[in-house]
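Asks:
In the working numbering, the protein residues as written are 38 to 363.
1) Determine contact between the region 203–215 and the region 300–320, defined as no fewer than three beta-carbon pairs at a distance below 8 Å.
2) The alpha helix (DSSP H) with residue 355 in it runs from where to where?
3) So, does the region 231–241 touch the region 340–356, judging by three or more C-beta pairs under 8 Å?
4) With H, G and I counted as helix, E and B as strand and the rest as coil, what does DSSP make of residue 322?
5) Per DSSP, which residues does residue 55 bridge with? Please list them.
6) Taking DSSP as the reference, what is the three-state secondary structure of residue 71?
7) With burial defined as no fewer than 16 other Cβ atoms inside 10 Å of the residue's Cβ, what is the status of residue 272: buried or exposed?
8) If you draw a straight line from the C-alpha of residue 217 to the C-alpha of residue 117, how long is it?
9) For a test of the three-state rule: what should DSSP assign to residue 111, helix, strand or coil?
10) Taking residue 325 as the reference, give the member of 188, 101, 119 with the closest Cα.
11) What did DSSP end up calling residue 245 once you bin it into helix, strand or coil?
12) Report the start-end ranges of each alpha helix (DSSP H) in the region 167–197 that is 4 residues or longer and not cut off at the edges.
13) With DSSP as the reference, label residue 137 as helix, strand or coil.
14) Put residue 66 into one of helix, strand or coil per three-state DSSP.
15) Runs of 4 residues minimum, wholly inside the region 77–132: which ones carry the alpha helix (DSSP H) assignment?
16) Going by alpha carbons, who is nearest to residue 164 out of 140, 85, 124?
17) Mind checking whether the beta-carbon of residue 293 lies closer than 7 Å to any heavy atom of the ligand ATP?
18) Classify residue 158 as helix, strand or coil using the three-state DSSP reduction.
19) My parser needs the beta strand (DSSP E) runs of 3 or more residues fully inside the region 269–326; what are they?
20) Rounded to a whole number of angstroms, what is the C-alpha to C-alpha distance between residue 98 and residue 61?
21) Note down the Cα distance separating residue 269 from residue 122, rounded to an integer number of angstroms.
22) Is there contact between the region 138–157 and the region 331–341, where contact requires at least three CB pairs shorter than 8 Å?
23) How many Å lie between residue 275 and residue 237 at the Cα?
24) In terms of residues, what are the limits of the alpha helix (DSSP H) holding residue 225?
25) Assuming residue 323 contacts residue 295 (C-beta within less than 8 Å), just tell me the rounded distance between them.
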């Protein structure tokens, strides 16, 4: 992965900075478009290196950032009392995440420029797990969604009634000065039983992928799998509540979208949750919705033994994306 790092101001304020990354296409063809990655919870852009390399080799520019409280962005701001899993003090930090993604989007357009024919390059937004929550919130926000020509929601979540309870409890924690404290109770509500369908799990993160080597790497990575703060959980649950309202489905963009999931992924409701989202989006006939079910694989399809197929499926989908006049 050949990445150029940039730094820009975080929408949440407080003097915080965001680490962004631009990975130019390496194929000996005219650039096909710009692919923007929204990483997951307790995750970071660099963990998508294999996907990025495949996209670059096919002629796609790739951009992404580490969200506040994650990866290299955490390293930039940790001296400001910005712990891992903390999106900042802003009252609506959930919305600030969207604004940061859109700031990156504008910088990427400027950095990569137009296509060989002088026209605007197609723009694709990909979100994995929590990143899919961010991408889905962008999808239902008109002034943001209109900037993209296609969306990919990977390992996303279906209906989650407990999200509203999570918002309430996280706010209570904040009243007791626990915004920056690890949200142990909130974590148990959100993830306490994610290994329940796995026989004799060896780690708390066996649900992430069936590839034991990848699970080991995840467990050993200080920037992966960490515990969110109480305020971080508030912002996470806020994203979930907003994306799953009836109005959200009705008002979502009409840009084509791809949903991918594994049937052994608890975040995707073991397939049922992600399929529910796909069916709700497809209820609007003008919207093109494609779904790929990878069978009995877990949360990170990009780190499963079938990942080559996954990468090829994504490339096939985006290669049929055309830039619309904006």
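We put the CB at the ideal spot given by N, CA and C, even for glycine.
Replies: So, to answer that:
1) no
2) 344–355
3) no
4) coil
5) 45
6) strand
7) buried
8) 12 Å
9) helix
10) 188
11) coil
12) 167–176, 179–182
13) helix
14) coil
15) 86–94, 108–114
16) 85
17) Ligands in the displayed structure: none, and consequently the ligand ATP is not present.
18) coil
19) 294–298
20) 5 Å
21) 6 Å
22) no
23) 33 Å
24) 221–228
25) In fact, because the Cβ distance is near 17 Å, the residues do not count as touching under 8 Å.
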